[in-house]
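Q:
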Amino acid sequence: MSAVTCELCPRACVIPEGGAGDCRVRVNLGGKLRATTYGRPSAIHVDPMEKKPLYHFRPGSPVFSIATAGCNLHCLNCQNWQLSQRGGEDMEQIYRVDPPELIEVARREGCESIAYTYSDPVVFYEYVYDSSELARAAGISNVFITAAYINRKPLRRLCRVLDAANVDLKAFDDGFYRRVNGGTLQPVLDALVTMREEGLWIEITNLLIPTFNDDPAMIRALALWVRDELGEDTPLHFSRFHPQYRMRNLPPTSGRILDRARKEATDAGLRYVYVGNVLGHEGGSTYCPTDGTLLIGRAGFWITENNLTADGRCPTCEEKIPGVWQ
Amino acid sequence: MGLVVLTGVVAVLYLTSGLRLVGREGSGWRSLDLDALQRRIDAGELQGREADWYHRSTDEETRTIRGLP
């Protein structure tokens with residue numbers, strides 16, 4: 026028997042011949058680990074950048090978004106579980122889009138960015154890397170939408186070809202990760218620090234699940250960690266939970282909880298704190314942290330007004346707003 | 248009284264089966280339908296591209312494998 030040990034994520038799966046990793050899509054065939062969904066996405070869409078959500082990266086631009094089957098986490102509230110909790114061989118729909126075709130199709134669709142998203146792109150790492158390398162050479166940006174459950178060494182290599190990431194920091198509590206996601210917290214924090222060191226534009230999403238991770242003390246601790254380790258200019262998105270998959274017994278997150286979380290994070294010193302998944306909430310827009318000027322107004326994923334100057338400054342006080350604006 | 252006990256038993260069974268389900272997640276490797284996978288690779292619907300980040304397991308690592316396929 027020729028087993029292999031996967032070094033991609035903290036699980037370090039030891040996979041016997043004929044078996045798959047915990048992610049379902051990295052398979053030991055003949056003593057070699059195979060990335061079975063390389064170039065074979067099962068989800069393809071053109072989304073607005075705001076849907077990722079990335080609010081400080083090319084706002085309003087369309088982003089060509091792809092995902093393959095598989096995931097290395099198993100969140101009880103997963104919104105894409107029909108994609109993430111299945112192997113490639115289980116999928117009804119598989120598209121053949123090798124990296125060169127991906128760049129071609131993205132460009133044909135008028136997209137200046139590609140997002141690796143929906144499930145978790147960590148598990149289709151090689152596809153992301155090769156595509157990103159080609160995309161960069163073609164002047165297309167690469168954005169990585171992930172839970173960042175990945176080892177430092179492969180991440181560092183990948184960061185060289187990525188431009189931005191939105192990291193789903195699920196809770197500031199290891200017990201939550203173990204119970205709800207089937208993972209652990211520390212590797213995610215390490216990955217965030219690595220991304221920052223490598224110069225990626227980072228935004229963070231924290232989905233607030235009523236009674237599970239909406240405790241103000243936990244939110245404050247999370248915000249303080251972000252401020253101290255990643256910087257006060259790191260955008261933080263508090264996102265509204267909707268009951269689904271194995272968490273259909275809980276109500277959607279109330280506006281009161283989202284507002285309270287936003288206040289906690291702002292009080293902790295973060296300068297760009299957003300509320301997501303709530304149509305028309307004022308917390309979906311970007312304001313100047315110095316004088317409160319509305320910089321980018323949003324309704325859902327759509328931009329209603331953009332008052333930033335061409336070089337990304339507040340039109341009133343001329344403060345430079347961090348982000349990638351062009 | 249019987250109905251109360253029965254409800255209790257069902258509740259305990261439901262909860263423990265849920266815990267077993269969560270405990271099984273992330274246990275290191277999974278079995279899969281190899282024939283289906285091979286068929287789809289042969290048809291070009293999936294790939295046999297070698298992955299970048301792995302090594303041949305050491306004897307010590309191999310000994311940790313449970314429930315071989």
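Listed in order, the protein sequences are those of chains B and W.
Under the numbering used here, the first residue of the first sequence is numbered 26, with each subsequent residue one higher.
Under the numbering used here, the first residue of the second sequence is numbered 248, with each subsequent residue one higher.
We treat Cβ as the ideally placed atom computed from N, Cα and C, and that holds for glycine.
Only a predicted model underlies this, so the values are computations on that prediction, with no experimental measurement involved.
Using a cut-off of 7 Å between C-beta atoms, extract the partners of W:Ala283 located in chain B.
A: By 1-based counting over the second sequence, the position of residue 283 of chain W is 36. Chain B residues near W:Ala283: Glu114.
Q: Using a Cβ-Cβ cut-off of 7 Å, state whether W:Asp280 counts as contacting chain B.
A: On the second sequence, residue 280 of chain W is found 33 positions in, with the first residue counted as 1. Closer than 7 Å: yes.
Q: How about B:Val205 and B:Thr171: do their beta carbons lie closer than 7 Å?
A: Taking the first sequence and counting its residues from 1, one reaches residue 205 of chain B at position 180. Taking the first sequence and counting its residues from 1, one reaches residue 171 of chain B at position 146. Cβ distance not < 7 Å, so B:Val205 and B:Thr171 don't count as in contact.
Q: What are the boundary residues of the alpha helix (DSSP H) that includes B:Ile321?
A: Looking up residue 321 of chain B in the first sequence gives position 296. No alpha helix (DSSP H) contains B:Ile321, which is instead part of the beta strand (DSSP E) from Leu319 to Ala324.
Q: Taking only beta-carbon positions, decide if W:Leu293 is within less than 7 Å of chain A.
A: Among the protein chains in the structure shown, which are B and W, there is no chain A.
Q: What residues of chain W sit near B:Gly64, judged by a beta carbon separation below 9 Å?
A: In the first sequence, the residue the question calls residue 64 of chain B occupies position 39. Residues of chain W passing the Cβ test: Gln294 and Arg296.
Q: Give me the Cα-Cα distance between W:Ala258 and W:Met248, rounded to the nearest whole angstrom.
A: For the purposes of this step, residue 258 of chain W is identified with residue 11 of the second sequence, where counting begins at 1. For the purposes of this step, residue 248 of chain W is identified with residue 1 of the second sequence, where counting begins at 1. Using only the alpha carbons, I get a separation of about 15 Å.
Q: Assign W:Ala298 to one of two classes, buried (16 or more other C-beta atoms within 10 Å of its C-beta) or exposed (fewer than that).
A: By 1-based counting over the second sequence, the position of residue 298 of chain W is 51. With 16 or more Cβ atoms within 10 Å of its Cβ, W:Ala298 is classed as buried.
Q: So, with DSSP's three-state summary, where would you put B:Phe266?
A: As a working mapping, residue 266 of chain B is identified with position 241 in the first sequence. In this structure, B:Phe266 counts as coil in the three-state DSSP scheme.
Q: Identify which residue in B:Pro212, B:Tyr143 and B:Cys184 has its Cα closest to the Cα of B:Leu194.
A: For the purposes of this step, residue 194 of chain B is taken as the residue at position 169 of the first sequence. It is B:Pro212.
Q: Identify the residues that DSSP records as bridge partners of B:Arg59: which are they?
A: Position 34 of the first sequence, counted from the first residue, corresponds to residue 59 of chain B. According to DSSP, B:Arg59 bridges with B:Val52 and W:Glu297.
Q: Residues of the region 254–265 of chain B with a CB closer than 7 Å to any CB of chain W: list them in chain order, please.
A: none
Q: Quick one: what's got a C-beta closer than 6 Å to B:Pro179's C-beta in the same chain, skipping five residues either side?
A: Position 154 of the first sequence holds residue 179 of chain B. Leu33.
Q: Run through DSSP, which three-state label would B:Gly46 get?
A: As a working note, residue 46 of chain B is residue 21 in the first sequence. Correct three-state label for B:Gly46: strand.
Q: Grab the span of the beta strand (DSSP E) containing B:Ala190 for me, first residue to last.
A: Along the first sequence, read from residue 1 onward, the residue named residue 190 of chain B stands at position 165. Ala189 to Asp193 is the extent of the beta strand (DSSP E) around B:Ala190.
Q: Assuming B:Thr311 and B:Tyr80 are in contact, meaning their beta carbons sit under 8 Å apart, how far apart are those beta carbons, in whole angstroms?
A: Mapped onto the first sequence, residue 311 of chain B falls at position 286. Mapped onto the first sequence, residue 80 of chain B falls at position 55. With 8 Å as the limit, B:Thr311 and B:Tyr80 qualify as a contact, their Cβ atoms being about 6 Å apart.
Q: Could you say which of B:Arg281, B:Gln118, B:Gly224 and B:Glu134 lies nearest to B:Gly256 if we only look at CA atoms?
A: Residue mapping note: residue 256 of chain B aligns to position 231 of the first sequence, counting from 1. Ranking the options by Cα distance to B:Gly256, first place goes to B:Gly224.
Q: B:Ser144 and B:Ala92 - do their beta-carbons sit closer together than 7 Å?
A: In the first sequence, the residue the question calls residue 92 of chain B occupies position 67. In the first sequence, the residue the question calls residue 144 of chain B occupies position 119. Cβ atoms of B:Ala92 and B:Ser144: closer than 7 Å.
Q: Could you give the C-beta distance for B:Ile128 and B:Ile165, rounded to a whole number, given that I count them as a contact under 8 Å?
A: Mapped onto the first sequence, residue 128 of chain B falls at position 103. Mapped onto the first sequence, residue 165 of chain B falls at position 140. 6 Å between Cβ atoms; contact.
Q: Is the Cβ of B:Gly44 closer than 7 Å to any Cβ of chain W?
A: Walking along the first sequence from the start, residue 44 of chain B turns up at place 19. At a cut-off of 7 Å between beta-carbon atoms, B:Gly44 makes contact with chain W.
Q: Beta strand (DSSP E) containing B:Ile1: first to last residue?
A: Since the first residue shown for chain B is 26 and the last is 351, residue 1 of chain B is missing from the structure and cannot be characterised.
Q: Pull up the CB-CB distance for B:Leu58 and B:Cys31, whole angstroms please, since I reckon it's below 8 Å.
A: On the first sequence, residue 58 of chain B is found 33 positions in, with the first residue counted as 1. On the first sequence, residue 31 of chain B is found 6 positions in, with the first residue counted as 1. Right, the Cβ-Cβ distance comes to about 6 Å (below 8 Å), so this counts as a contact.
Q: Let me see if you follow: with CB-CB separation under 7 Å, is W:Arg303 close to chain B or not?
A: Locating residue 303 of chain W in the second sequence gives position 56, where the first residue counts as 1. W:Arg303 counts as touching chain B.
Q: Which of the three DSSP states is assigned to B:Lys76 in this structure?
A: If you number the first sequence from 1, residue 76 of chain B lands on position 51. Three-state result, B:Lys76: helix.
Q: Are there three or more Cβ pairs, one per stretch, closer than 8 Å when the region 290–306 of chain B is compared with the region 114–124 of chain B?
A: no
Q: Could you check whether the Cβ of B:Ala60 sits closer than 7 Å to any Cβ belonging to chain W?
A: In the first sequence, the residue the question calls residue 60 of chain B occupies position 35. It does; some Cβ of chain W falls within 7 Å.
Q: Are the C-beta atoms of B:Thr329 and some chain W residue less than 7 Å apart?
A: Within the first sequence, residue 329 of chain B is the residue found at index 304, counting from 1. No, because no Cβ of chain W sits closer than 7 Å to the Cβ of B:Thr329.
Q: Output needed in chain order: residues of the region 140–156 of chain B with a Cβ under 8 Å from some Cβ in chain W.
A: Tyr150, Glu151 and Tyr154
Q: How about B:Val130: is its C-beta nearer than 7 Å to some C-beta of chain W?
A: Reading the first sequence from its first residue, position 105 is the one you call residue 130 of chain B. B:Val130 does not count as touching chain W.
Q: Given that a residue counts as buried once 16 or more other Cβ atoms are within 10 Å of its Cβ, and exposed if not, what is B:Pro241?
A: On the first sequence, position 216 is the one that residue 241 of chain B refers to. Exposed.
Q: Exposed or buried, W:Asp289, counting other C-beta atoms within 10 Å across all chains shown (16 or more means buried)?
A: Working through the second sequence from its first residue, we reach residue 289 of chain W at position 42. Its Cβ having fewer than 16 others within 10 Å, W:Asp289 is exposed.
Q: Please identify the residue among B:Asn97, B:Pro268, B:Asp284 and B:Val153 whose C-alpha is closest to the C-alpha of B:Thr209.
A: On the first sequence, position 184 is the one that residue 209 of chain B refers to. Comparing Cα-Cα distances from B:Thr209 to each of B:Asn97, B:Pro268, B:Asp284 and B:Val153, the minimum goes to B:Asn97.
Q: At least one CB of chain B closer than 7 Å to the CB of W:Glu308: is that the case?
A: Position 61 of the second sequence, counted from the start, is the residue given in the question as residue 308 of chain W. Cβ-Cβ to chain B under 7 Å: yes for W:Glu308.
Q: Should B:Cys31 be flagged as near chain W, meaning a C-beta pair shorter than 7 Å?
A: Position 6 of the first sequence, counted from the first residue, corresponds to residue 31 of chain B. Output row for B:Cys31: interface = yes.
Q: How close, in whole Å, do the beta carbons of B:Val251 and B:Ile282 come, if the pair is a contact with beta carbons under 8 Å?
A: Start at 1 with the first residue of the first sequence, and residue 251 of chain B comes out as number 226. Start at 1 with the first residue of the first sequence, and residue 282 of chain B comes out as number 257. 19 Å between Cβ atoms; not a contact.
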